[in-house]
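Residues in the first sequence are numbered consecutively from 76, following our numbering.
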Amino acid sequence: MSLKVYNSLTRQKEVFTPIIEGHVGMYVCGPTVSGESHLGHARPFITFDVVYRYLMHLGYKVRYVRNITDAGHFEEEGREAEDKISKKAAVERLEPMELVQKYTNLYHWAMAQFNNLPPSIEPTATGHIVEQIEMIKKIIEDGYAYEANGSVYFDVEKYHRDYSAKGMPYGMLSGRNLDEQLDTTRELDNQEEKRNKSDFALWKNAPPEHIMRWASPWGEGFPGWHIECSAMSTKYLGEEFDIHGGGMDLQFPHHECEIAQSTVCNHKTPARYWLHNNMITINGKKMGKSYNNVIKLSELFAGTHPILEQPYHPMTIRFFILQSHYRSTLDFSNEALQSAEKGMKRLWEAYENLQKLSTDNASAADTALDQKVQQLLAELYEFMNDDLNTAKVLANLFELAPIINSIRHGQTAANAVAGSTIAKMQQYFHLFLEEIFGLKAEQANDDNKLGGVLQLLIDIRKDAKSRKDYVTSDKIRNELATLGIQLKDEKDGSVSWSINN
RNA sequence: GGUCCUGUGGCCGAGUGGCUAGGCAGAGCUCUGCAAAAGCUUCUACAGCGGUUCGAAUCCGCUCGGGACCUCCA
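Right, here's the structure in full:
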């Protein structure tokens with residue numbers, strides 16, 4: 076069974092076939108480092124990290140490019156053009172590049188917390204000004220952009236007219252009808268430089284107070300919002316590549332404009348498969364700056380935001396995100412996060428129990444159970460291949476958990492399931508949880524000093540219990556519980572422990 | 001106003017026309033010195049109204065609610 080993904084461009088699930096066999100080029104829109112990343116940003120980066128991991132697992136050699144936008148965005152159309160980064164820099168009295176570096180570092184820290192693999196290439200907008208200027212020049216030469224007062228705008232009308240005839244109208248990705256847009260776009264001020272409201276900036280003339288500025292054929296300025304992704308994806312992945320990813324809110328205008336720019340330069344639609352993750356909402360509303368409802372990642376991990384009842388471990392967030400399908404909205408609440416935290420703990424303990432099971436049993440005493448396990452395991456690939464349904468994968472792993480636990484705790488006979496089936500479970504749990512989903516234990520349970528101390532306490536308690544000195548044994552157990560360490564008496568007389576938050 | 005998505009049990013969330021998804025929470029039981037953990041059992045669903053169909057959470061229509069985008073957005 077082959078991998079199918081939902082392609083926003085065609086609005087249907089399609090079999091994924093790379094342009095060059097065995098290789099995948101994937102571009103994902105990265106962060107704008109003018110501020111700290113919030114929970115909403117975590118979703119695309121975790122989603123596409125899983126895409127990246129799964130493609131590699133399938134044997135593809137993947138080049139994963141995720142940019143860092145460190146220059147050139149506008150605060151808002153209709154207002155005086157100003158670079159977000161330089162504006163904030165003035166407020167905070169920092170060098171623009173110092174600010175960019177600070178938030179880039181924080182972003183990298185958060186990505187590492189989530190156990191996201193670093194992309195193959197992480198290009199910055201400021202590092203590719205030359206490429207962007209070259210691309211703009213090319214678009215002007217082809218007649219699809221014009222200069223006005225030191226700024227350059229993309230001629231959307233002309234592009235739409237010419238490329239509609241070639242089956243590539245402006246709006247093909249987002250399903251927008253340009254004519255309707257023209258009638259309904261809200262009134263904007265200071266648009267006199269543009270020939271049409273739908274035109275977008277490729278290059279903006281920098282006003283004197285602007286700190287970030289570069290020389291260009293049109294004077295000193297800075298690049299428009301969309302051109303960096305076209306320039307960098309073309310440079311590192313070629314004129315046509317396999318996957319372009321990002322949040323649904325980037326579909327229009329950002330990705331639409333990317334398509335227009337790249338198509339003029341390269342005469343083909345840049346990416347074959349466009350994947351968009353849905354939004355994280357809070358009380359049903361998208362988490363975003365404009366709603367003033369963002370929870371920064373550092374606040375989430377530390378539990379410092381007023382709305383948070385407790386800190387949440389990065390792995391809890393990752394698990395929470397993977398428990399839903401990436402194209403559905405996902406609603407944040409303390410209750411939902413807490414349930415994810417408990418659920419992951421339970422699943423992880425089943426995974427740890429699984430690793431302790433023997434694989435020696437030659438044949439299954441309970442063939443029905445053995446077959447059920449086989450079935451649940453076989454479905455894991457089906458679910459991933461069906462547009463990366465991580466939610467269904469986790470549901471199946473949860474169905475396996477009681478089977479594992481009951482064997483481990485003796486409620487089900489040890490020989491009920493064949494050793495080969497146990498081995499396969501061990502392999503699949505490791506594969507899906509750790510390698511593909513990128514999950515890892517919330518705490519390292521292999522801290523030698525702590526483990527040694529606990530073992531000492533466990534031994535003392537065991538002695539006390541053997542003397543029926545329950546006062547002492549309960550004291551040890553209860554005081555450890557107060558410290559967040561839970562002792563569990565196993566059926567076989569051994570004692571295990573786990574750390575609660 | 002335009003384009004599109006969505007409405008599932010106390011909460012989150014998956015659902016390919018027929019076969020109880022799953023998680024968290026609740027209840028009961030087993031095990032246990034007592035617990036915890038674990039296992040077993042169990043209660044609440046498909047916004048409303050029509051239609052198609054032998055059969056609809058799923059397809060179609062209407063109504064109501066929620067949301068996204070329409071040039072800052074992940």
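All residues carry an ideal CB built from backbone N, CA and C; glycine is no exception.
Check: What residue range is occupied by the uninterrupted beta strand (DSSP E) comprising His319?; Outcome: Phe316 to Gly322
Check: By Cβ distance, which residues of its chain are closer than 7 Å to Glu384, with the 5 residues on each side in sequence left out?; Outcome: Asn409
Check: To which residues of the same chain is Leu312 closer than 7 Å at the C-beta, ignoring the five residues directly before and after it?; Outcome: Gly100, Tyr102, Arg138 and Val140
Check: Roughly how many angstroms lie between the CA atoms of Leu253 and Asp237, to the nearest whole one?; Outcome: 13 Å
Check: Check whether the Cβ atoms of Ile318 and Leu350 lie closer than 9 Å to each other.; Outcome: yes
Check: Can you tell me whether DSSP reads Ala440 as helix, strand or coil?; Outcome: coil
Check: Which stretch, first to last residue, makes up the beta strand (DSSP E) that contains Tyr102?; Outcome: His98 to Val103
Check: State the DSSP-derived secondary structure class of Asp461, mapped to helix, strand or coil.; Outcome: strand
Check: Starting from Ala117, trace the alpha helix (DSSP H) in both directions and tell me its first and last residue.; Outcome: Leu114 to His132
Check: Could you compute how far the alpha carbon of Lys386 sits from the alpha carbon of Leu375?; Outcome: For the sequence presented, residue 386 should be read as Pro rather than Lys. Computed Cα separation, rounded: 6 Å.
Check: I need the straight-line Cα distance from Ser578 to Ala411, nearest angstrom please.; Outcome: Because the chain here runs from 76 to 576, residue 578 falls outside it and cannot be looked at.
Check: Where does the unbroken alpha helix (DSSP H) through Leu372 begin, and where does it stop?; Outcome: Leu372 to Ala377
Check: Looking at Ile478: is its Cβ nearer than 9 Å to the Cβ of Thr487?; Outcome: yes
Check: In this structure, does DSSP put Phe149 in helix, strand or coil?; Outcome: Interpretation of Phe149 is limited by its pLDDT of 37, a score under 50 that renders its predicted location unreliable; the figure taken from the coordinates is listed afterwards. In this structure, Phe149 counts as strand in the three-state DSSP scheme.
Check: Can the beta-carbon of Phe275 be found less than 9 Å from the beta-carbon of Phe327?; Outcome: no
Check: Are Leu472 and Leu508 close, meaning C-beta to C-beta below 9 Å?; Outcome: yes
Check: Residues in its own chain within less than 7 Å of Ile121 by CB, not counting five upstream and five downstream?; Outcome: Phe189, Asn191, Arg393 and Ile396
Check: Measure how close the beta-carbons of Gly513 and Arg128 come, nearest whole angstrom, since I'm counting them as under 8 Å.; Outcome: 6 Å
Check: Please confirm whether Leu303 and Gln176 have their CB atoms less than 9 Å apart.; Outcome: With the sequence shown as reference, residue 303 is identified as Glu, and Leu is not the correct amino acid for it. Not closer than 9 Å, so no.
Check: Who pairs with Asn82 in a beta bridge, going by DSSP?; Outcome: Gln87
Check: Taking the DSSP output, what are the residues bridged to Gln561?; Outcome: Ser573
Check: Just mark Tyr457 as buried or exposed, buried being the case when its beta carbon has 16 or more other beta carbons within 10 Å.; Outcome: The residue you asked about is not Tyr; residue 457 is Glu in the sequence shown. With fewer than 16 other Cβ atoms within 10 Å, it is exposed.
Check: So what does Leu405 bridge to, in DSSP terms?; Outcome: Ile355
Check: Please go through the same chain and pick out, in chain order, the residues whose beta-carbon is closer than 8 Å to the beta-carbon of His132, but skip the five residues on each side of it.; Outcome: Leu506, Glu510 and Ile511
Check: Measure the C-alpha to C-alpha separation of Glu155 and Asn464 and round it to an integer number of angstroms.; Outcome: Per-residue confidence for Glu155 stands at a pLDDT of 39, beneath the threshold of 50, marking its modelled position as unreliable; no derived number is given.
Check: Measuring only the C-alpha atoms, how far is Glu331 from Ala306?; Outcome: 15 Å
Check: Which one of Arg270, Gly296 and Val570 has the shortest CA to CA distance from Gly225?; Outcome: Gly296
Check: Inspect the beta-carbon positions of Asn82 and Tyr401 and report whether they are closer than 9 Å.; Outcome: no
Check: Near Gly321, which residues of its chain fall below 7 Å by C-beta distance, leaving aside the five closest residues on each side in sequence?; Outcome: Val103, Cys104, Pro119, His330 and His351
Check: Leu422 and Leu469: beta carbons closer than 9 Å?; Outcome: yes
Check: How would you label Ala437, buried or exposed, when you count the other beta carbons within 10 angstroms and need 16 or more for buried?; Outcome: exposed
Check: Are Ala117 and Leu455 close, meaning C-beta to C-beta below 9 Å?; Outcome: no
Check: Of the residues Leu429, Asp567 and Phe504, which one's Cα is nearest the Cα of Gly485?; Outcome: Asp567
Check: In the DSSP output, what is Trp349 paired with across the bridge?; Outcome: His319
Check: Go to Gly225, then tell me how far its beta strand (DSSP E) extends in each direction, as first and last residue.; Outcome: Careful: Gly225 lies outside any beta strand (DSSP E) and carries neither H nor E.
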